[in-house]
Structures are given as C-alpha cells and as structure tokens.
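The structure under discussion appears below in the form of structure tokens.
Protein chains: 4
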Amino acid sequence: MKRDKPKYKQIIDAAVIAIAENGYHQAQISKIAKQAGVADGTIYLYFKNKEDILISVFQEKMGVFVESLQEIIKNGESSTDKLSQMIDNHFNVLANDRHLATVTQLELRQSNKDLRLKINSILKEYLKLLDEILIEGMFKGEFNSTMDVRIARQMVFGTIDETITSWVMNEFRYDLIETAPKVRHMLLNGLKG
Amino acid sequence: MKRDKPKYKQIIDAAVIAIAENGYHQAQISKIAKQAGVADGTIYLYFKNKEDILISVFQEKMGVFVESLQEIIKNGESSTDKLSQMIDNHFNVLANDRHLATVTQLELRQSNKDLRLKINSILKEYLKLLDEILIEGMFKGEFNSTMDVRIARQMVFGTIDETITSWVMNEFRYDLIETAPKVRHMLLNGLKG
Amino acid sequence: MKRDKPKYKQIIDAAVIAIAENGYHQAQISKIAKQAGVADGTIYLYFKNKEDILISVFQEKMGVFVESLQEIIKNGESSTDKLSQMIDNHFNVLANDRHLATVTQLELRQSNKDLRLKINSILKEYLKLLDEILIEGMFKGEFNSTMDVRIARQMVFGTIDETITSWVMNEFRYDLIETAPKVRHMLLNGLKG
Amino acid sequence: MKRDKPKYKQIIDAAVIAIAENGYHQAQISKIAKQAGVADGTIYLYFKNKEDILISVFQEKMGVFVESLQEIIKNGESSTDKLSQMIDNHFNVLANDRHLATVTQLELRQSNKDLRLKINSILKEYLKLLDEILIEGMFKGEFNSTMDVRIARQMVFGTIDETITSWVMNEFRYDLIETAPKVRHMLLNGLKG
DNA sequence: TATGAATGAGTTTTCATTCAT
DNA sequence: TATGAATGAAAACTCATTCAT
Numbered sequence: 001m002k003r004d005k006p007k008y009k010q011i012i013d014a015a016v017i018a019i020a021e022n023g024y025h026q027a028q029i030s031k032i033a034k035q036a037g038v039a040d041g042t043i044y045l046y047f048k049n050k051e052d053i054l055i056s057v058f059q060e061k062m063g064v065f066v067e068s069l070q071e072i073i074k075n076g077e078s079s080t081d082k083l084s085q086m087i088d089n090h091f092n093v094l095a096n097d098r099h100l101a102t103v104t105q106l107e108l109r110q111s112n113k114d115l116r117l118k119i120n121s122i123l124k125e126y127l128k129l130l131d132e133i134l135i136e137g138m139f140k141g142e143f144n145s146t147m148d149v150r151i152a153r154q155m156v157f158g159t160i161d162e163t164i165t166s167w168v169m170n171e172f173r174y175d176l177i178e179t180a181p182k183v184r185h186m187l188l189n190g191l192k193g
Numbered sequence: 001m002k003r004d005k006p007k008y009k010q011i012i013d014a015a016v017i018a019i020a021e022n023g024y025h026q027a028q029i030s031k032i033a034k035q036a037g038v039a040d041g042t043i044y045l046y047f048k049n050k051e052d053i054l055i056s057v058f059q060e061k062m063g064v065f066v067e068s069l070q071e072i073i074k075n076g077e078s079s080t081d082k083l084s085q086m087i088d089n090h091f092n093v094l095a096n097d098r099h100l101a102t103v104t105q106l107e108l109r110q111s112n113k114d115l116r117l118k119i120n121s122i123l124k125e126y127l128k129l130l131d132e133i134l135i136e137g138m139f140k141g142e143f144n145s146t147m148d149v150r151i152a153r154q155m156v157f158g159t160i161d162e163t164i165t166s167w168v169m170n171e172f173r174y175d176l177i178e179t180a181p182k183v184r185h186m187l188l189n190g191l192k193g
Numbered sequence: 001m002k003r004d005k006p007k008y009k010q011i012i013d014a015a016v017i018a019i020a021e022n023g024y025h026q027a028q029i030s031k032i033a034k035q036a037g038v039a040d041g042t043i044y045l046y047f048k049n050k051e052d053i054l055i056s057v058f059q060e061k062m063g064v065f066v067e068s069l070q071e072i073i074k075n076g077e078s079s080t081d082k083l084s085q086m087i088d089n090h091f092n093v094l095a096n097d098r099h100l101a102t103v104t105q106l107e108l109r110q111s112n113k114d115l116r117l118k119i120n121s122i123l124k125e126y127l128k129l130l131d132e133i134l135i136e137g138m139f140k141g142e143f144n145s146t147m148d149v150r151i152a153r154q155m156v157f158g159t160i161d162e163t164i165t166s167w168v169m170n171e172f173r174y175d176l177i178e179t180a181p182k183v184r185h186m187l188l189n190g191l192k193g
Numbered sequence: 001m002k003r004d005k006p007k008y009k010q011i012i013d014a015a016v017i018a019i020a021e022n023g024y025h026q027a028q029i030s031k032i033a034k035q036a037g038v039a040d041g042t043i044y045l046y047f048k049n050k051e052d053i054l055i056s057v058f059q060e061k062m063g064v065f066v067e068s069l070q071e072i073i074k075n076g077e078s079s080t081d082k083l084s085q086m087i088d089n090h091f092n093v094l095a096n097d098r099h100l101a102t103v104t105q106l107e108l109r110q111s112n113k114d115l116r117l118k119i120n121s122i123l124k125e126y127l128k129l130l131d132e133i134l135i136e137g138m139f140k141g142e143f144n145s146t147m148d149v150r151i152a153r154q155m156v157f158g159t160i161d162e163t164i165t166s167w168v169m170n171e172f173r174y175d176l177i178e179t180a181p182k183v184r185h186m187l188l189n190g191l192k193g
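Residue numbers (UniProt numbering), protein chains in the order written: chain A, 1 to 193; chain B, 1 to 193; chain C, 1 to 193; chain D, 1 to 193.
And the structure:
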C-alpha cells in the first residue's frame, strides 16, 4: 500500500508546508518535491497528479479530526459534553498547527470547484458525526428537540469555521484556544433555546 | 467618475454572469468583454487589471447589502428586530440572484489570498454594522450583555455564510427563504443565552 | 478567413523549414515561431494546436499536387499522357523543394498514428484522381482492362513514393528529375501488360 | 552470445506485441518489460538502450525474410519464378503475423530519422538479394535488359510495401494473400516491357 | 543476473495586458 | 474612447535510464 510507505506521508507534509509558505498557486510540484527532499518525478510514483496530492492532504489531515471525533462520541458523557469536546478538539488541533490551519482555512479554498466538491465529500464524514451528536442531544432533551438538524449543523460548523478563518486572516494575532469556551457557550445556547 | 459611466456597470454585470456561468478560472477577460459587448482592450479603460474588476464586483454588490443594512438600522425597532431583518435581507438578496450567490459563495473564494484579503476589508463595513446591532442589543439587554462581540459576530456571519454556501453547493435544490426564520430563531437563542 | 491572412502561410512555410532542418521531434513551437518571426502565442491565433499546424502543412502543400493533377486531367490528351504528366509533376515539385521533400517523405511519417490517419485522408483526394486516370485508361484500352485498380494505384503511388524517399534518404545525391522518364516507362509497362 | 539466451528473444517478441498493441510512442520500456515478464532493469542487461531493442526487432524479423529469400534464390528455377516466390513469401509472412505487419508497416516508421536510417541499412541486405534476382533476369533476358536496376528495385519494393501498408491501414479488412498474384503479374509486366 | 525505486530534463499551451490604429 | 492582434512568461507531467541491493 502506497500510503503506508514513508515517502507518502513525507510528501503530504511537504505539501502542507509548501502551500502554507508559498500560497496555493505558488506551490508548484517542484517546490513540494524540494521540500520533501525527493525528485519531481518521485511525486508521481505516489500521487496520480497534483490534485491527487491536495485531496490526499485533506483526507489524511481530516482523518485526524474524524478519528478524534469518533473517540469523543464513544467516550463522551452527555451530548453537551460531546459537542463541547468536539469544538475544543477542532480548535486545539488547528491552534497547534498553523501551517495546517493556513492550508485548510485559506489556501485549499482557492482550488477549483471540482476539487472543492471532492474536499466537501471528505468533509461530509465529519459532519455526519456532528449530526449524530446533535440528533442524540435532541432525543435526550439536551438540545431543542424541534430544531432543524441541518441548520443546527450549519450553525455549529459555520461558526467554528468562521472563527478559525478570522484567526488565520488576522495572522494568529490572538490566542485561538482562549476563544473556544466562549464559542462553545454561545453555540450551546443556540441549540438549547 | 468612471463608475458612473454606463460601461462600468455593464462590465461589472458581465463579470458576474461570466464567472457564474464559466467558473472563476474560466472567466477570462475575453469572455467578460464578449459578455459585456465590448472589446478586450476597452475593459482596461475602466479597470486597472483583472483583480480590479473582481474587487469592484464585490464592492458594488456588497454596497447593496450595506445600504440595506443602514436602512434597517435606521428604521428597525428593537435590536432583535434589526438583526432579524438583516438576516432576512441577506437571504432574500441572494435567493433572488443565483448568479450573484454562486459568485460570492463559491467562485470568488478561488481567488488568491491577496484578493481575498481585499474582499475581506470590503466586508468589514458590513460587519461593523452588524457589530453595531449586537452592541446595541447587549446594551439594551436584548442580548447577553457579557458576550464577546467578535465571537457573536462570527457566529452570526459564519452561520449565514455556511447556510447559503450549502444551498449553492446543493445547486439551489431547496428553498433558501424558508430556512431564514429557523436560522434567525437559532441565532437569537445563541445571543440571548 | 484565417488561412487568407499573410501570417497563416508565413507560419506554414516556417514549419516546413523548421521541421526539415531540425527534424520532426525537434521542431518545437518556439522554433517554428522564431522561424516565422512571430511570438509563440501568435501561432495559436492561427492554429488550434501543434497537430493542426502539421495537418495544415500537409493540406496546403498537398493542395498544390491536387490542383496540378486536376489541371492535367482536364488538359491531358490520352490517359497515358495524363499519367506521365502526373508522374513528372510529382517529381518536379519535390525535386524543386527539398525542404518539402524531406518533410513529406521522412519527417511527417514520424507523427503518431492518429495524425497519419488524418494525413492519409488528405492524400485520398489525390489518389482518387489517380484512380480516375487509371479507370479511364482501362476503359479506353490504353491500360490492361482487367487489372485491379486498387493494386494498380498502389503500384503507381508506391513506386513514386519509394523512389522519392530513397532520393531523400540518399541526401539528394543524384538528379531526381532524370529518373522520372524511367519510372514512367516502367510503370506504363506494368499497366499495359 | 547474448542473442542466444532465451530472454533475448523473449524481450524481442514482447516488444513486437507491446508496440503492436499500444503503438510506438505508448510502448514504454516498462510495458515491454511487463509483457516479457522481466523487470525494467533487466532489459538493459540485454540491450544498450530502447533504440537498440527496436533495431534488434527489425534485424531479427528481417532475418527471416533474408533467409527465405536466400533459399528461394538457391532453389528457384527462373528469375521470374524467384521474383514470384519472393513476392509470395513477403505477403505470406506478414499476412500470418498481423502484429509484425503493424509494427513494420506503421509503428516503426514513427521512429526518428536516425533510427530509420539504421533500419534502412538492415533492409539493404534484403534489397541486395532482390537486385541479384533482377540482374540475373536482365542477363537471362527474362526482364528488360536495358532497365535501371535501382528503379526496378524501387518499383518492386515500393509496390509491395504500399500494398501491405494499405492492407494494415485498412485494418486487415480484405485478404492480403489473394492480392499477391495480381501484384506479381503487374510487376512482372513492368519488368518485362 | 535480476530487481524496481528513484531520477530530472524538456515542451505545449493559456491568457492578462499592451499599443498601433 | 474603442479596438483586437500580438505578446511571452510560466508549470505539470512522462519516461528512458541508473544503481544499490
């Protein structure tokens, strides 16, 4: 399996750095290869084309979020607790990897519609887990049982996304982690009403 | 003033259509010129370069939102009412112009970081008005007076943005306007808590 | 019409020279453009892509053969006379343009199967005229009236083609024109038998 | 001697199949190696480079023609008989190996001028035997004793070559063997005149 | 002998912008 | 003002060949 070989991850990580430092359109294959310490052609032994690298970046990194969230769902106490943990986790991961935050919040969005649709379908898995939490909470009476789940999900994800994007656009000038409890508090109010 | 001449608006509108129909990267100057019914070179009598067109598109169209919002602030009764009207207005305008919705929610985000930063600074005016409503509401006791305004703003804007983007990505398959009251309800709960 | 503009023919002629002097695979667009005295991009205002240039080269140049042959058919006396003139004309044109001879006999045959099929369909027009002469001659009793036209055509064309290709491969070391009467004589014998 | 080892012929045969099935430019070393059941690197233990494989393909396969022709010359009765047998043999071999026919008549001609010159020098041995037959025939009075041998040879070979190439280009749609007697008849007429 | 992972040179095409008319 | 022909820079990808094992 290609994705188990060391060079696979090596190239993925190089891509994140190259994109974060040079911008999406300036992250040429040659720059990614140089950053990874391999020849240009080597990239194509592990990835079909440039788009394949970008999708894989998203897939690999998103995988971390999905796995954490599955863990949280398994071990969390109440729905409220699970949602809180999810928010905290999302903030924590990106607060601790600014390269990755730049890539997911800013750079990867410059990709064309086609690539963005693929990225979105990867995102869906994460959002489905979020839906699970919301539905469970409605059922248990922790959240407003009459709310529209899709809109609730869009509020939760939209708020998290906008918060983090602003932080990146403001060049990490403030402490992202500190804002997490406030975001959590506000969202939970929205869901409970 | 260039922007009062008929061809200025003509080119702006042509750009929105060209981008919506062809996608950001396939909306070449020649296509915009053709759509506008002018020669390629003529574009450069009204705009410095391609980026200038895109910024102007955003500026002109955003202007409509800002003006409506100023009107709403002037005439709205309570802060709650103003916020509700703002949300409804935002949804209404884009629900009624799918070309514009496609361009602002999907296509223009493919622009490079530089352009997106400029677009963001245009957006600031709109967000400042939103902040006004929020602060007034906190002061009047309609919203939670201890909340962090920045985060509140990010929740309101992030939720609206995510909601509309999803609608565009789902190819307008459902009625956007119908979701407005639910979004409004949920956000107000978040702000009141 | 693009092919009436001076630059169209200018580029075609530049392509013949560039290919003859550098070889098919070494005749890059940049070399053709330089030879034509235009910018690389200008090529694409007149031709869809590189293959389009090569097809057009063949089409334009083959056109000369077809026109001459039509003239010969119109004015020639007997079928024997027409065939003789056709052979002489074919030899004369290429003997007087060694660049062209190199391109048609050697270089253009390096093109891929796809391009060669297109070239062949252009050639068909010429071969159809040759068939006309042969059929007329069979009818009039000048040629063997029981022969297989396809094979007769293949003999005539195959012999001419092989003769000229050998001359090119031998780097024009002997006088091609001098061989024409001998070729003519031998072919007519074959057809008469 | 390398060419006596089993893998040598194995690779040659694999090359013919790979080229016939994929086309000249799509027959990469890796495909030939795969077809031969060896690793890419192994190819280079038997051949200097890719060109060397192609030359060897032609050499080995042409060898069959040369040997048959030598046999024919040794055992044939008259010159006319020898020439007839040569034509029949040439048609028979290729009619019975369509892969080989595709490779020699179409694909190998896409090679660059350099390689084609080398291929031509291999062909010379075959053409020299053909010359022998022609000269003997002229001497014996079976063929026109005043004809130019080079042109006669070019007629014979050009006709055969064109006939077979057309058959391949027409995707083997008709029976090649059936045309042999007609070709033979027509050529002999040409030579006798 | 045999392997196959790694290398890196090389070219077509697009399109924003200019400028002579 | 308006035109549109001409410009030329810039980047992804392929594949023959090598060499450590």
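Ideal Cβ positions, reconstructed from N, Cα and C, are used throughout, including at glycine.
For S145(C), three-class secondary structure by DSSP: The answer is coil: DSSP assigns S145(C) none of H, G, I, E or B.
Contact list for the region 105 to 128 of chain B against chain A, Cβ threshold 9 Å: Those would be L106, E107, R109, Q110, S111, N112, K113, D114, R116, L117, N120, in chain order.
CB contact check: V149(A) to chain B, cutoff 8 Å: By the rule that beta-carbons nearer than 8 Å mark a contact, V149(A) does not touch chain B.
Nearest to K192(D) (by Cα), restricted to the options Q105(D), G141(D), N92(D): It is G141(D) whose Cα lies nearest to the Cα of K192(D).
CB contact check: D13(A) to chain B, cutoff 8 Å: Not one chain B Cβ lies under 8 Å of D13(A).
Residue range of the unbroken alpha helix (DSSP H) whose run includes Y24(B): Secondary structure note for Y24(B): it is in no alpha helix (DSSP H), with a DSSP letter that is neither H nor E.
4-residue-minimum alpha helix (DSSP H) runs that sit fully inside the region 24 to 50 of chain D, ordered along the chain: Taking only runs of at least 4 residues, the alpha helix (DSSP H) segments lying wholly in the region 24 to 50 of chain D are 29 to 36, 40 to 46.
Spatially closest choice to G41(D) from T146(D), K182(D), K7(D), Q110(D), by CA coordinates: That would be K7(D), whose Cα lies nearest to the Cα of G41(D).
Stretch-stretch touch, CB-based, cutoff 8 Å, three pairs: the region 69 to 82 of chain B with the region 40 to 55 of chain B: Contact fails: fewer than three Cβ-Cβ distances are below 8 Å.
CA-to-CA distance, D161(A) to E132(A), given in whole angstroms: Between the alpha carbons of E132(A) and D161(A) lies a distance of about 19 Å.
Buried versus exposed, by CB contacts within 10 Å (16 or more), I177(D): Exposed, by the Cβ-count rule.
Chain-ordered neighbours of T179(B) on chain A, where CB pairs are closer than 7 Å: Against T179(B), the close residues of chain A are I151, in the order they occur along the chain (beta-carbon pairs closer than 7 Å).
Endpoints, alpha helix (DSSP H) assigned at S84(B): Run containing S84(B): 79 to 95, per the alpha helix (DSSP H) assignment.
Closer than 7 Å at the beta carbon, the chain A residues around H25(B): Per Cβ cutoff of 7 Å: N112.
Pairwise C-alpha distance: N120(D) and S56(D): Straight-line measurement puts the Cα of N120(D) at about 13 Å from the Cα of S56(D).
Any C-beta of chain D under 8 Å from that of Q154(C): So, interface residue.
Between the CA atoms of F143(B) and N89(B) - distance to the nearest angstrom: Computed Cα separation, rounded: 21 Å.
Interface flag, M169(D) vs chain C, CB-CB below 8 Å: Interface residue, yes.
Contact list for F157(A) against chain B, beta-carbon separation under 7 Å: In chain order: E162.
Whole-Å CB distance - A33(B) paired with A27(B), under 8 Å assumed: Between A27(B) and A33(B) the Cβ distance is about 11 Å, and since that is not below 8 Å, they are no contact.
Nearest candidate by alpha-carbon position, reference N49(A), set I12(A), Q70(A), V66(A): By alpha-carbon distance to N49(A), the top candidate from I12(A), Q70(A), V66(A) is I12(A).
Whole-Å CB distance - E125(A) paired with V66(A), under 8 Å assumed: That pair is a contact at about 6 Å.
Candidates S68(D), S78(D), A15(D), of which the one nearest A36(D) by Cα: The shortest Cα separation from A36(D) among S68(D), S78(D), A15(D) belongs to A15(D).
Chain B within 8 Å of K192(A), Cβ atoms only: At least one C-beta of chain B is nearer than 8 Å to the C-beta of K192(A).
For Y126(C), the three-state DSSP class (helix, strand or coil): Of the three classes helix, strand and coil, the one that applies to Y126(C) here is helix, per DSSP.
Spatial distance of V103(B) from Q10(D) (CA atoms): So the two alpha carbons sit approximately 60 Å from each other.
Nearest candidate by alpha-carbon position, reference I72(D), set K5(D), L130(D), D52(D), Q105(D): The residue with the shortest Cα to Cα distance from I72(D) is L130(D).
Beta-carbon proximity check, K182(D) vs D4(C), cutoff 8 Å: For the 8 Å CB-CB criterion, K182(D) and D4(C) do not form a contact.
Where L106(D) sits in the DSSP three-state scheme: Coil at L106(D), not helix or strand.
Whole runs of the beta strand (DSSP E) within the region 48 to 77 of chain B, excluding any shorter than 3 residues: If we require 3 residues or more, the region 48 to 77 of chain B turns out to have no beta strand (DSSP E) run fully inside it.
Reduced DSSP category for Y174(C) - H, G, I as helix; E, B as strand; rest coil: DSSP places Y174(C) in coil when its eight states are reduced to three.
Whole-angstrom distance between V64(D) and L94(D), CA atom to CA atom: Approximately 11 Å, taken between the alpha carbons.
Neighbour flag for K7(B) against chain A, beta carbons, 8 Å: K7(B) does not count as touching chain A.
Beta-carbon proximity check, L117(C) vs F58(C), cutoff 8 Å: No, the pair does not count as a contact, with Cβ atoms beyond the cut-off.
Nearest residue (CA-CA) to D114(D), options Y24(C), K2(C), I17(C): Per the Cα distances, Y24(C).
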